[in-house]
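Notes for the one structure printed next.
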């Protein structure tokens, strides 16, 4: 049978010493016992983990990420509000808070009327049900125009959901400005290449075959005509 020295040398601890420590723990009465502290309790205090640097770094990263997201959302809100007002001013409309001023559905319907040159029905009442109907009319109109709305419900806009309100306006921008942007790009390309006649098979690749300077000038023109920062 192996002796204690052999076991301690091979295992790194004396089995009998470990057993005695466990017995000592039975007589430890907790933090109120000022006269006694078991070996295993001393060992526990000695190896009590402290906050790791990786955890601290992760918290710092998450905080920085949240700040960036909040700043991005604020910029989007400001930009989209200016874009909406650029159209609503034609009828004397004004949006001061995008998340609040879309809730009754009237500004949303007016915006769609201006963009589509179509007249849309609306409820004139001021109850929650009337606002919900107006928003639903707007969303149904977009669906009729084959605009894909992902997880955007009338109640989300009515409740002023920031993420979905921004998503709705961005979807509207993409849909109603896309054809206009394509026309501007094609027209600009034709102007800078008067001798070239685009074919149907290559027309979709026109912009990508031109120098980047031409594309940038087109983007600048689009920005000036669509989103006024």
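In full-length UniProt numbering, the protein residues as written are 1 to 229.
C-beta: ideal position from N, C-alpha, C; glycine also.
- Membership of residue 100 in the alpha helix (DSSP H) is indicated by the continuous run 98-101.
- Within the model, the alpha-carbon separation for residue 115 versus residue 58 is close to 45 Å.
- Around the beta carbon of residue 106, 16 or more other beta carbons sit within 10 angstroms, so the residue counts as buried.
- With fewer than 16 other CB atoms across the displayed protein chains lying within 10 angstroms of its CB, residue 55 is exposed.
- The beta carbons of residue 95 and residue 110 sit no closer together than 8 Å.
- Distances from the CA of residue 101 to each of 60, 134 and 121 were compared; the closest alpha carbon is that of 134.
- Cβ-Cβ separation between residue 166 and residue 77: approximately 7 Å, consistent with a contact (criterion under 8 Å).
- Excluding sequence positions up to five before and after residue 88, its CB lies within less than 8 Å of the CB of 94, 95, 107, 110, 111 and 114, all in the same chain and listed in chain order.
- When the alpha-carbon of residue 147 is set against those of 127, 168 and 86, the nearest one is in 168.
- Nearest to residue 158 by C-alpha distance, out of 74, 126, 65 and 143, is 126.
- Here residue 72 carries a helix assignment [DSSP, helix/strand/coil].
- Remark: C-beta atoms of residue 131 and residue 103 approach each other more closely than 8 Å.
- DSSP places residue 95 outside any alpha helix (DSSP H), giving it a letter other than H or E.
- If you draw a straight line from the Cα of residue 123 to the Cα of residue 155, it is about 16 Å long.
- Per DSSP, the continuous alpha helix (DSSP H) segment holding residue 156 begins and ends at 154-158.
- Cα atoms of residue 164 and residue 152: separation of roughly 6 Å, rounded to the nearest angstrom.
- Taking 8 Å as the cut-off, the beta carbon of residue 186 is found no closer than this to the beta carbon of residue 171.
- Look at residue 58 here: in three-state DSSP terms it is helix.
- With a 10 Å radius around the Cβ and a threshold of 16 neighbouring Cβ atoms, residue 68 comes out exposed.
- Inter-residue distance for residue 128 and residue 177 is about 31 Å (C-alpha atoms, whole angstroms).
- Comparing alpha-carbon positions, the option among 98, 141, 136 and 99 lying closest to residue 119 turns out to be 141.
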